[in-house]
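Q:
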Amino acid sequence: MTVGDPGEETALGPGPLRARLRASRLYVVTDDLTPLEKVPELVREAVAGGADLVQLRRKREPWAELVELARSLQECCRRGGAIFLVNDHVDLALAAQADGVHLGQGDATVQEARERLGERPLIGLSTHTPEQALKAQLLPLDYIAAGPVRATPTKPDSVEVGFQQVTAAALVSRVPVVAIGGLDEGASAIEAGADMVAVVRAVCAAPAPRLAASRLRQEAAGATSWRWIQLNGEPRKSPPGETVLQLLARLGVEPPGVAVEVDGRIVPQERLANEPVAEGAVVEVVHFVGGG
Amino acid sequence: MEEGDRLHLGSATLGSRLIHGTGKFPSAELLAQSIAASEAEMITLAVRRLHLDGDRRSELEGLDLKRYHLLPNTAGARSSEEAIRLAHLARAAGLSDFIKVEVVGHEATLLPDPLATFEATSRLVAEGFTVLPYTSDDVALALRLAEAGAAAVMPGAAPIGSTLGVLNPHNIRLIIQECPVPVIVDAGLGSPSDALRVMEWGAAGVLVNTGIARAKDPVGMARAFAAAVEIGRLAHRAGLAGETGEARHGYGASSPTAGMPLG
Chain L
89 MTVGDPGEET ALGPGPLRAR LRASRLYVVT DDLTPLEKVP ELVREAVAGG
139 ADLVQLRRKR EPWAELVELA RSLQECCRRG GAIFLVNDHV DLALAAQADG
189 VHLGQGDATV QEARERLGER PLIGLSTHTP EQALKAQLLP LDYIAAGPVR
239 ATPTKPDSVE VGFQQVTAAA LVSRVPVVAI GGLDEGASAI EAGADMVAVV
289 RAVCAAPAPR LAASRLRQEA AGATSWRWIQ LNGEPRKSPP GETVLQLLAR
339 LGVEPPGVAV EVDGRIVPQE RLANEPVAEG AVVEVVHFVG GG
Chain D
8 MEEGDRLHLG SATLGSRLIH GTGKFPSAEL LAQSIAASEA EMITLAVRRL
58 HLDGDRRSEL EGLDLKRYHL LPNTAGARSS EEAIRLAHLA RAAGLSDFIK
108 VEVVGHEATL LPDPLATFEA TSRLVAEGFT VLPYTSDDVA LALRLAEAGA
158 AAVMPGAAPI GSTLGVLNPH NIRLIIQECP VPVIVDAGLG SPSDALRVME
208 WGAAGVLVNT GIARAKDPVG MARAFAAAVE IGRLAHRAGL AGETGEARHG
258 YGASSPTAGM PLG
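Just so you know, the sequences run in chain order L and D. For the first sequence, our numbering begins at 89 and goes up steadily by one. For the second sequence, our numbering begins at 8 and goes up steadily by one.
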């Protein structure tokens, strides 16, 4: 599955939306405390500061008000060049013509959401364990969130999973990874393997949301990110500085019996330890199997 | 095997003339036991992408590959370029420069593409590989492959995996007679008697995969093929009566015609 890879025809169709998702660094999720009528202004500020994605997450408001709010946020994000998603509600995404929906492990299944939304809208899924991150790869979705990195009042019942969970997700994911949960600076999550940093309070509860968003965006964009490569035909991530030999080690194989091609060139065994894995590299790892 | 009767292929010297395939076995254990039972010294392998998630073990897990002469194949190639790429990958992964060139030219039967097989063989020979091309039972093509530098030619007895036995005995015999390099009959050998027959005719060896792997008892069948190959070889070296002397073109009594106590 090559969902989310901007350069390829994908199961979901290619599109600028997915290319924009790939280039995104800051993801702002609305909080529960900002009064409903202040949310559009908050989102405008966040987008002006550099939010690439905005997610509307409100649980208790009446449906009609939510639809109206979602429509206004969609318009505001469109003008500001940001992607607009709603939390949980496929119906709300459809009513507001949002760019997509973010689902939790307990919400409507990804498959159902995809069937109802069609191919264009983005679908994201929360994951809290390496197993969930791995299972998510089989679903028709566009990104996964990994968290909560830190304990957060936004989700009081959740168990903090740390940056290890971000890294675990990054090591198996074919789609962008969003780090979320108690984050208030942008670099650490990116260095741990995330493509994007998602925040709630760090922007929504900031005295100056635009400034906060701008700072977070800069921190995230300035951090040393993992590289996207094509590994055996699939989009995969590779940590900074990784060599081909290290890549093999984390795949659990070692020479002899394994051969590696990078961008169509075979890497001789004695050079595996010195061959860097560069951004955009097309890597093929083959091994011997039974044959006649 | 008789002392001193060894098969020389490139840098390899083989005591056993049975080359053992490693595909389609029910389990890694049975594969390892089957190879052991066959006493084969050369095994074939394929080159494929590593699975990134889940179980990365292959059926070769239980084998110590360093104990065997490895003959990787280019199975799956549909052009000479693909075959050459697979050969390069096999050499990079392995410990030898042996390659069984296999280029499919007809999907339904997996019969080889003669032009691409010749092209890949020529180029890989030039690059220093020890090339054993899988070819059809065409004598002219076998001769051209030998001329191009193939270390052995491997005509198919029948389509790969068919276990149909020797479909065209006349052609296989002709290739064995005419070819200046060892002829290893590959593909389609379904029963030990098939292997025995081609060995009697003078084949240098046989490659068996499906015939063993898909037998009810692969280990027992590996032993049976090994025995058949050995008997066929012994018979060939002994010289078949039908191919020598007075019996060659006619009939002859087995008992003396003189000294009858009659009349």
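Every residue, glycine too, gets a C-beta built ideally from N, C-alpha and C.
Given that a residue counts as buried once 16 or more other Cβ atoms are within 10 Å of its Cβ, and exposed if not, what is N175/L?
A: By the 10 Å Cβ count, N175/L comes out buried.
Q: If we ignore side chains and look at the alpha-carbon of each, how far apart do A229/D and K325/L end up?
A: So the alpha carbons of these two residues sit roughly 45 Å apart.
Q: Can you look up E89/D in the DSSP assignment and give me helix, strand or coil?
A: Of the three classes helix, strand and coil, the one that applies to E89/D here is helix, per DSSP.
Q: If L78/D sits next to I26/D, beta carbons under 8 Å apart, how far is it from one beta carbon to the other, in whole angstroms?
A: Right, their Cβ atoms sit about 7 Å apart.
Q: Can you name the start and end residues of the alpha helix (DSSP H) that L78/D belongs to?
A: That residue, L78/D, is in no alpha helix (DSSP H); its beta strand (DSSP E) goes H76 to P79.
Q: Go through its chain and collect everything with a Cβ distance to I268/L's Cβ below 6 Å, but skip five positions before and after it.
A: So the qualifying residues of the chain are A233, G235 and A286.
Q: If you follow the beta strand (DSSP E) that R166/L is part of, which residue opens it and which one closes it?
A: Element bounds for R166/L: not the beta strand (DSSP E) but the alpha helix (DSSP H), W151 to G168.
Q: Considering only the alpha carbon of each residue, which of D71/D, L72/D and L122/D lies closest to E88/D?
A: Comparing Cα positions, the closest option is L122/D.
Q: From the DSSP secondary-structure annotation, give me the bridge partner or partners of Q193/L.
A: Q193/L is not bridged to any residue.
Q: Scan the stretch 113-179 of chain D and note each continuous beta strand (DSSP E) run of 3 residues or more that stays entirely inside, going in chain order.
A: Here the runs fully enclosed are 137-142.
Q: Taking the CB atoms as reference points, tell me whether V142/L and A107/L lie closer together than 8 Å.
A: In this structure, A107/L does not lie closer than 8 Å to V142/L by Cβ.
Q: Going by other Cβ atoms of all chains shown within 10 Å of its Cβ, with 16 needed for buried, is M267/D buried or exposed?
A: M267/D is exposed by the Cβ-count criterion.
Q: Assuming the contact rule is C-beta atoms closer than 8 Å, E307/L and G281/L should be a hit. Round their C-beta distance to whole Å, please.
A: Going by Cβ atoms, the distance from E307/L to G281/L rounds to 16 Å, so no, they are not a contact pair.
Q: Quick one: which chain D residues come within Cβ less than 9 Å of E349/L?
A: Neighbours of E349/L on chain D, chain order: R92, H95, L96 and A99.
Q: What three-state label does DSSP hand A99/L in the structure shown?
A: Confidence is the limiting factor: at A99/L the pLDDT is only 40, short of 50, which leaves the residue's position unreliable and the question unanswerable from this model.
Q: Does the contact criterion of 3 or more C-beta pairs under 8 Å hold for the stretch 120-128 of chain L versus the stretch 147-161 of chain L?
A: Yes, since at least three Cβ pairs between the stretch 120-128 of chain L and the stretch 147-161 of chain L fall closer than 8 Å, the two stretches touch.
Q: Can we say the stretch 328-339 of chain L touches the stretch 354-362 of chain L, given the rule of at least three CB pairs closer than 8 Å?
A: Contact holds: three or more Cβ-Cβ distances are below 8 Å.
Q: Is W316/L helix, strand or coil by DSSP?
A: In this structure, W316/L counts as strand in the three-state DSSP scheme.
Q: Cβ of P119/D less than 8 Å from any chain L Cβ?
A: Chain L contact via Cβ: absent.
Q: Given this structure, state the Cα-to-Cα distance separating G95/L from V265/L, to the nearest angstrom.
A: Note that G95/L has pLDDT 40, beneath the 50 cutoff, so the model's placement of it is unreliable and the number below is only indicative. For G95/L and V265/L, the distance between alpha carbons rounds to 18 Å.
Q: Pick helix, strand or coil for S41/D, following the three-state DSSP scheme.
A: Helix.
Q: Compute the distance between the beta-carbons of R315/L and E372/L, then report whether it is under 8 Å.
A: Contact: no.
Q: So which residues on chain D does E322/L lean against when the C-beta distance must stay under 8 Å?
A: Those are L59, listed as they occur along chain D.
Q: Does the CB of V288/L have a neighbour CB from chain D at under 8 Å?
A: So no, V288/L is outside the interface.
Q: Listing by chain order, which chain L residues have their CB less than 9 Å from the CB of A53/D?
A: The contacting residues are F376, V377, G378, G379 and G380.
Q: Return the first residue and the last residue of the beta strand (DSSP E) that A27/D is part of.
A: Note that residue 27/D is His in the sequence shown, not Ala. Where H27/D is concerned, the enclosing beta strand (DSSP E) stretches over L25 to H27.
Q: Given this structure, state the Cα-to-Cα distance separating I91/D from A183/L, to the nearest angstrom.
A: If I take the Cα positions, the gap works out to 56 Å.
Q: Answer with buried or exposed for D351/L, where buried requires no fewer than 16 other C-beta atoms within 10 angstroms of its C-beta.
A: Answer is exposed; the Cβ neighbour count stays below 16.
Q: Output, in chain order, the set of chain L residues within a Cβ distance shorter than 9 Å of A6/D.
A: The requested residue 6/D does not occur in the structure, where chain D is confined to residues 8 to 270.
Q: Within 8 Å, do at least three Cβ pairs link the stretch 39-48 of chain D to the stretch 128-144 of chain D?
A: Cβ pair count under 8 Å is below three, so no.
Q: Got a sec? Which residues, its chain only, sit under 7 Å from G378/L by beta carbon, not counting five neighbours each side?
A: Excluding sequence neighbours, G378/L sits near nothing in its chain.
Q: How long is the line joining the alpha carbons of C186/D and H177/D, rounded to whole angstroms?
A: Straight-line Cα distance between these residues: approximately 14 Å.
Q: Got a sec, what are the start and stop residues for the beta strand (DSSP E) D193/D sits in?
A: Run containing D193/D: I191 to D193, per the beta strand (DSSP E) assignment.
Q: Could you check the C-alpha separation between A158/D and L339/L for me, to the nearest Å?
A: When rounded, the distance between both Cα atoms is 36 Å.
Q: As a quick exercise: from R151/D, I183/D, L72/D and N80/D, pick the residue whose alpha carbon is nearest that of F136/D.
A: Ranking R151/D, I183/D, L72/D and N80/D by Cα distance to F136/D puts N80/D first.
Q: Could you pull out every residue in the same chain whose Cβ sits closer than 6 Å to the Cβ of P189/D, ignoring the five residues on either side in sequence?
A: Answer for P189/D: A159 and A211, listed in chain order.
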